[in-house]
Amino acid sequence: MLESFDLFLDHFFSYFIEFIEVLLLLTVFGLINLYIYDRYVQRKHQLLINYPIIGRFRYLFETLREPLRQYFAEETFYESRDKVEWVYKAAKNVPNFMSFSVSQPFSGSRFVIKHSPHVLNDSEVDSDFGVLFGKNRPIPFRTKSPIIRSAMSDGALSPESVRAFTLGATLSGFTINTGEGGLTSNYFFTHRPDPKNARYLEIVKSTPAAELVFKLVTLFFNRSLAIKTYRKLLLNKKTENTYIYDPVSHSLFRVDWKAPLSAFPEEVPEDMPDLILQIGSGLYGVRDENGNFDEERYEKAMRFCRMTEIKIAQGAKQTGGKLAGSKVTADIAYYRGVEEGKDLISPNRFPYAGTTDELLDFVGRLQEISKKPVGIKIVISDAKSVEELAETMKRRKAEGRAIVDFISVDSGDGGSATAPLELMESVGLTTPNALYVMDTMLRRYNLREDVSIIASGKILAPDDVVIALSLGADAVGIARGFMMSGGCIRARKCSGTQGHVCPVGMATQDPKKRASYLVVRKGGEIANYHTNLLKGIKTLLAVMGVKRLDELDKKHLTFKNRSGEIFFDIDNYFHQKLHI
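And the structure:
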C-alpha cells in the first residue's frame, strides 16, 4: 500500500515538474515574441519601442489607477471619505456613528451650522418636510420630501436601475426627475393597472405554457431570470424590455402612446412615484415623428408626472445630452424615436429658447396644457444673465404673462455620465455661490414668493442638505448620492465608450452586466438612504432649534475661510466675494 502511494507521488511530482518546465518555456517564448513585436513591429507607442514589455506596466497601472483610487488615496472630491462612507452605511441601514474622530479632518473653507442654546428634542421637530411648487397652478405639487433624485435618463441608466429608483421612491417618498430621456416603461415598475380601466396600456396576457415555465424557473433559479424568460416566451422581440411585468395579473404591459387622450387617467396613479418630466433639447418622449413638439404626447405623459422641467443646461455640460451608440439599444430607440446603435447627440440650444421671452412663452404653453408647475434647469456663470432673467420675469408678471414656477440651479461641479472635460471643469459656479446669486436676484425683483429654487451639485449627507436649504433652496437634487446608494462604486465608466462599461450594471445597457443588478434589494437600499437623510436632517434641525424646514435661513450659518477668518453674517461674506 505504501509502495503504491510512493509510486503515485513520484509520478505526480514528475508530471508536475514537466508541466512547470513547459509553462516556463511557453512564457519565455511568449516574452520573446512580445519583445520582438513591441520593438520592431508595433508603431503605436514609442515607449514600447524603447522599453519593450516593461513599458506595458505603465498601461496596466493606468488601467488599475482609477478603480483602485478610492480605496487607497485620500478623498479629494468630497470633503472627506467619511461622507462617502455615510452614504453606503445609510443605504445598508447600519448604525452610522463615528468613533474617536473623523478619519479625514477638514481644515479648508467651509460653512458651519449654528446650534441653538435651546435645542429641541427630535419629537418637537415637524415631520412634514413637504415642499409646495406651483401654488398658482390649477394642479400644484406638494412633495413628500425636500429631496429630489436629480435628472438621470433611462438610457444613461440601465432599465434595472431605473426600476430600483422607482421602487425606492415609492417606498420612501422622494421625487424622481426623469432626465431628458423622458417617461419610459421602467417608471411604471410599481404600477398595478386595473384591467377594467387600462385602455392606455398595451397588455400582453399570459399563456398556460408561459405560466408553467415561469414557475419552474422561479423554483430552480430566481424570479429575475423567470421574468426575463417570461418576456422572451410571450414577446420574443427586440423591444421586449419595454414591457413591465405585473405580478398581480401575471401580464406584461407598457403605455400605448397611440391610445386616445381620453383613455389616460385623469390623476397620477397612487402606486407610481412622484415624477418630474424633464424635456431636453431633443424633445425625447414629447415629440412627433418629425422631431417637433407634440402637445398631445406631452399631455399624455403629464397624466403620470407632477411637474415639468425644461433643461437649458446642466453643470457638467452646458450642451445637449450625449448618449454613446452602445447605449442606444432597441428599447432606447423605441422610447426616444431615434435610430438604434448610433451616437445620440442632442442640439446645444433648446428649440424654443432663442430668447428669454420665447422660452417663457413656451413655459406658459406647457403650464396651460398640463395645468401643473413648469420650471427650467440652468447653470449660473454670471450674475448679469440671472438679473436679466429676473428683470424679464418681473416685467412679464406685471403684464400678466407666464413666468416659471421653479428654477433648478445646477452646480458647475455637477456630474454626468458623458461630458467633455473642458466643460465639466471650467463652466459654472459651485452650489453655494450659484444658489446665493439666484436667491438674491429673485428677492431683488420681488419674485421669490412666485419662484421656487431647487439646488443640486455635490450634495450627499444631511448637513449638505441643511446648508443648501439655509442658503435659499426650497429643495435639493441629489444624483451621485443616490447612485452610490443603489450600488455605484464610482468606477467612472458610465459613458460606455472605449469598450468600458459600468461594472455593477447601473449605468450601462450591457445585457450581462445588467443581469447582475438586484432590483428589489437595491430599491430597498435606495429607500434607506433617503430615509436616513431625512432622519439626519431632523436631528440637525433639533440641534439648531428649528421646528420647521421652511424656517431655515442664512442666519443659521457661519462661514470660516481657509485663513481662519469667520463670518457670522453670511451676507457679508458673499457681498465681499461676489460683488452683487
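Numbering-wise (the working numbering), the sequence shown opens with residue 1378 and increments by one. Heads up, the beta-carbon is just placed ideally off N, CA and C, and yes, glycines get one too. In this text, all values refer to a predicted model and were calculated from it rather than measured experimentally.
Which term fits Ala1892, buried or exposed, when burial requires 16 or more other beta carbons within 10 angstroms of its beta carbon?
Looking up residue 1892 in the sequence shown gives position 515. Under this definition Ala1892 is an exposed residue.
Look at the Cβ atom of Thr1567, then the Cβ atom of Leu1534, and state whether they are nearer than 9 Å.
In the sequence shown, the residue the question calls residue 1567 occupies position 190. In the sequence shown, the residue the question calls residue 1534 occupies position 157. Against a cut-off of 9 Å, the Cβ pair of Leu1534 and Thr1567 comes out as no contact.
Using CA atoms only, rank isn't needed, just tell me which of Tyr1950, Lys1635, Asn1909 is closest to Val1471.
Indexing the sequence shown from 1 puts residue 1471 at position 94. The shortest Cα separation from Val1471 among Tyr1950, Lys1635, Asn1909 belongs to Asn1909.
Would you kindly check if the distance between the Cβ of Val1590 and the Cβ of Ser1628 is under 9 Å?
The count along the sequence shown starts at 1 and reaches residue 1628 at position 251. The count along the sequence shown starts at 1 and reaches residue 1590 at position 213. Cβ distance not < 9 Å, so Ser1628 and Val1590 don't count as in contact.
So what's Ala1852 in DSSP terms, helix, strand or just coil?
As a first step, residue 1852 is located in the sequence shown; it is residue number 475 there, counting from the start. Strand at Ala1852.
In whole angstroms, what separates the C-alpha of Ala1852 from that of Ser1703?
For the purposes of this step, residue 1852 is taken as the residue at position 475 of the sequence shown. For the purposes of this step, residue 1703 is taken as the residue at position 326 of the sequence shown. In a straight line, the C-alpha of Ala1852 is about 34 Å away from that of Ser1703.
If you measure between the beta carbons of Val1508 and Leu1926, is that distance less than 9 Å?
Along the sequence shown, read from residue 1 onward, the residue named residue 1508 stands at position 131. Along the sequence shown, read from residue 1 onward, the residue named residue 1926 stands at position 549. Yes. Within cutoff.
Out of Phe1727, Arg1939, Gln1744, Tyr1412, point me to the one whose CA is closest to Gly1485's CA.
Position 108 of the sequence shown holds residue 1485. The residue from Phe1727, Arg1939, Gln1744, Tyr1412 with its alpha-carbon nearest to that of Gly1485 is Arg1939.
When the distance is taken between beta carbons, is Phe1510 closer than 9 Å to Met1684?
Residue 1684 sits at position 307 when you count from the first residue of the sequence shown. Residue 1510 sits at position 133 when you count from the first residue of the sequence shown. Yes, Cβ-Cβ distance for Met1684 and Phe1510 is below 9 Å.
Straight-line gap, Arg1958 to Leu1934 (C-alpha atoms, nearest Å):
The requested residue 1958 does not occur in the structure, where the chain is confined to residues 1378 to 1957.
Check whether the stretch 1861 to 1868 touches the stretch 1880 to 1890, counting contact only when three or more Cβ pairs, one atom from each stretch, lie closer than 8 Å.
Yes: at least three Cβ pairs fall under 8 Å.
I'd like the list of long-range same chain contacts for Phe1951, defined as Cβ closer than 6 Å, with 5 residues on each side in sequence excluded.
To locate residue 1951, count along the sequence shown from 1; it is residue 574. Within the same chain, Phe1951 has close Cβ partners Tyr1813.
Where Met1529 falls: helix, strand or coil (DSSP):
Numbered from its first residue, the sequence shown carries residue 1529 at position 152. Reduced to three states, the DSSP call for Met1529 is coil.
Could you spell out the range, first to last residue, of the alpha helix (DSSP H) harbouring Gly1900?
Along the sequence shown, one-based indexing puts residue 1900 at 523. It spans 1896 to 1921 - the alpha helix (DSSP H) in which Gly1900 sits, taken as one unbroken run.
Jot down the residue ranges of each uninterrupted beta strand (DSSP E) in the stretch 1804 to 1844, minimum 3 residues, whole runs only, in chain order.
1829 to 1833
Which of helix, strand or coil does DSSP assign to Arg1857?
The residue given as residue 1857 occupies position 480 in the sequence shown. Helix, per DSSP.
Just the Cα atoms here: how many angstroms apart are Glu1716 and Asp1665?
Within the sequence shown, the letter at position 339 stands for residue 1716. Within the sequence shown, the letter at position 288 stands for residue 1665. Rounded to the nearest angstrom, the two C-alpha atoms are 15 Å apart.
N- and C-terminal bounds of the alpha helix (DSSP H) containing Glu1557
Along the sequence shown, one-based indexing puts residue 1557 at 180. Where Glu1557 is concerned, there is no enclosing alpha helix (DSSP H), given that its DSSP letter is neither H nor E.
Please report the straight-line C-alpha distance between Ser1339 and Asn1613, rounded to a whole angstrom.
Residue coverage of the chain in this structure runs from 1378 to 1957, which leaves residue 1339 outside it and unanswerable.
For the candidate residues Ser1549, Lys1688, Leu1721, Ile1709, whose alpha-carbon lies nearest to that of Lys1615?
In the sequence shown, residue 1615 corresponds to position 238, counting from 1. If we check each option's Cα against that of Lys1615, Ile1709 comes out closest.
Let me know the secondary structure DSSP gives Arg1487 once reduced to three states.
The residue given as residue 1487 occupies position 110 in the sequence shown. Residue state, collapsed to three classes: strand.
Identity of the residues DSSP links to Asp1623 by a beta bridge:
The residue you call residue 1623 lines up with position 246 of the sequence shown. Looking at the DSSP assignment, Asp1623 forms a beta bridge with Ser1628.
When the Cβ atoms of the stretch 1633 to 1650 are set against those of the stretch 1725 to 1732, are three or more pairs found closer than 8 Å?
no
Cβ atoms of Leu1652 and Phe1670: under 9 Å apart, would you say?
Sequence index remark: in the sequence shown, residue 1670 carries index 293 (1-based). Sequence index remark: in the sequence shown, residue 1652 carries index 275 (1-based). Their beta carbons are not under 9 Å apart, which means Phe1670 does not touch Leu1652 by this criterion.
So which of Arg1898, Val1786, Leu1424 has the shortest CA-CA distance to Leu1806?
Stepping through the sequence shown from its first residue, residue 1806 is reached at position 429. The option with the nearest alpha carbon to Leu1806 is Val1786.
Write down the C-beta distance between Gly1789 and Val1763 rounded to the nearest angstrom, noting that I regard them as a contact closer than 8 Å.
Sequence index remark: in the sequence shown, residue 1789 carries index 412 (1-based). Sequence index remark: in the sequence shown, residue 1763 carries index 386 (1-based). At roughly 14 Å, the Cβ-Cβ gap does not stay under 8 Å, so Gly1789 and Val1763 are not in contact.
Are there 16 or more other CB atoms within 10 angstroms of the CB of Gly1668, so buried, or fewer, so exposed?
Your numbering for residue 1668 matches position 291 in the sequence shown. Burial check for Gly1668: the Cβ neighbour count within 10 Å stays below 16, so the residue is exposed.
Evaluate Phe1598 with the Cβ neighbour count: other Cβ atoms within 10 Å of its Cβ, from every protein chain shown; 16 or more gives buried, anything less gives exposed.
Start at 1 with the first residue of the sequence shown, and residue 1598 comes out as number 221. With fewer than 16 other Cβ atoms within 10 Å, it is exposed.
With distances taken from CA atoms, which of Ala1845, Leu1411, Arg1446 is nearest Gly1432?
For this step, residue 1432 is matched to residue 55 along the sequence shown. Taking Gly1432 as reference, the option from Ala1845, Leu1411, Arg1446 with the minimal CA-CA separation is Leu1411.
Determine the closest residue to Ala1856 out of Lys1870, Ala1850, Ala1832, Leu1846, with distance taken between C-alpha atoms.
Taking the first residue of the sequence shown as position 1, residue 1856 is located at position 479. Nearest C-alpha to Ala1856: Ala1832.
Of the choices Val1594, Arg1576, Leu1611, Asp1623, whose alpha-carbon is the least far from that of Phe1565?
Reading the sequence shown from its first residue, position 188 is the one you call residue 1565. Ranking the options by Cα distance to Phe1565, first place goes to Asp1623.
Based on DSSP bridge pairs, tell me the residues matched to Ser1785.
One-based indexing of the sequence shown puts residue 1785 at position 408. The partner list for Ser1785 (beta bridge, DSSP) reads Lys1754, Ile1831.
For Pro1770, report the span of its alpha helix (DSSP H) as first-last.
Here residue 1770 refers to the residue found at position 393 when the sequence shown is read from its first residue. The sequence as given places Met at residue 1770; Pro does not occur at that position. Start and end: 1760 to 1776.
Alpha carbon to alpha carbon, what distance is there between Glu1588 and Pro1517?
By one-based count along the sequence shown, residue 1517 stands at place 140. By one-based count along the sequence shown, residue 1588 stands at place 211. Pro1517 and Glu1588: Cα-Cα distance of roughly 43 Å.
What did DSSP end up calling Gln1655 once you bin it into helix, strand or coil?
Taking the first residue of the sequence shown as position 1, residue 1655 is located at position 278. It is a strand residue.
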